[in-house]
Amino acid sequence: MKKRVFIIHGWEGYPEENWFPWLKKELEAKGFEVFVSQMPDADNPRIEKWIPAIAKIVGTADENTYFVGHSMGCQAVARYLETLPKNAKVGGAIFVAGFFKRLTGLGEEPNFEEVEREWLGTPLDLEKAKNHLSESVAIFSDD
40 MKKRVFIIHG WEGYPEENWF PWLKKELEAK GFEVFVSQMP DADNPRIEKW IPAIAKIVGT
100 ADENTYFVGH SMGCQAVARY LETLPKNAKV GGAIFVAGFF KRLTGLGEEP NFEEVEREWL
160 GTPLDLEKAK NHLSESVAIF SDD
């Protein structure tokens with residue numbers, strides 16, 4: 040079975056931004072099937088919309104399923120993993136610049152506090168999510 044990679048963008052994101060097209064091309068050249076989907080209502084992201092959207096895009100997750108999350112997409116991937124059956128395993132995930140705690144410099148967004156409150160105020164069991172991963176990598180920077 041072909042290995043599948045799902046790239047999940049962040050808040051206000053879209054599939055053609057940042058390094059997503061480059062990564063898609065690189066992974067496809069190595070034989071992966073790559074999906075970079077538009078998450079619903081990216082300007083006003085909601086957990087109850089994003090997690091079912093990921094589930095629908097992925098279908099059945101297995102050890103040939105991989106994720107790359109960027110910013111809020113990291114938290115969305117972790118929340119999706121929480122929903123998997125207890126013994127389910129996926130191949131792995133790469134979390135790039137994850138949105139897991141309060142950010143500075145975004146307060147000018149019209150719905151910033153509401154979105155931040157929902158995503159950071161809703162409990163997330165990272166250990167449970169991690170149990171579904173065969174491998175994971177987190178990438179951070181200070182710029």
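Residue numbers for the sequence shown, in the working numbering: 40 to 182.
For glycine and all other residues, C-beta sits at the position ideal for the given N, C-alpha and C.
When the Cα atoms are used, Val154 and Glu51 turn out to be separated by approximately 11 Å. Your pair Phe151 and Gly49 does not check out as a contact, with CB atoms roughly 14 Å apart and the cut at 8 Å.
In this structure, Lys42 lies near Gly130, with their beta-carbon atoms less than 8 Å apart.
Bridge partners of Val75 according to DSSP: Ile46. According to the DSSP secondary-structure assignment, Ala177 is paired through a beta bridge with Phe134.
Close CB contacts of Leu120 within its chain, under the 6 Å cut and outside five residues either way in sequence, are with Ala168 and His171 (chain order).
In the three-state scheme derived from DSSP, where H, G and I count as helix and E and B as strand, Leu163 is classed as coil.
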